[in-house]
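J.:
Numbering (the numbering used here), first residue to last: 193 to 256.
#1: Just curious, the alpha helix (DSSP H) that residue 233 is in, first and last residue?
#2: How is the alpha helix (DSSP H) around residue 204 delimited, first residue to last?
#3: Could you round the C-beta distance between residue 222 and residue 214 to whole angstroms and report it? I think they count as a contact, below 8 Å.
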């Protein structure tokens, strides 16, 4: 039981003291970057899906 308590205490110490937390400005910049990256990635996936869908409809219209 003492090992568990020691482990929890050490984890809390590392979390509270040793960890470096970003500033609010860094956090906002990172969040903006993630949102922009997600939007760009979504648009690329949408474009690929639309292109493949159009291609398959064309192929089906030829052979269907």
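Glycine included, every Cβ here is placed at the ideal spot set by N, Cα and C.
All values derive from a computational prediction rather than experimental measurement.
T.: Here's the rundown:
#1: 216-255
#2: 194-205
#3: 7 Å
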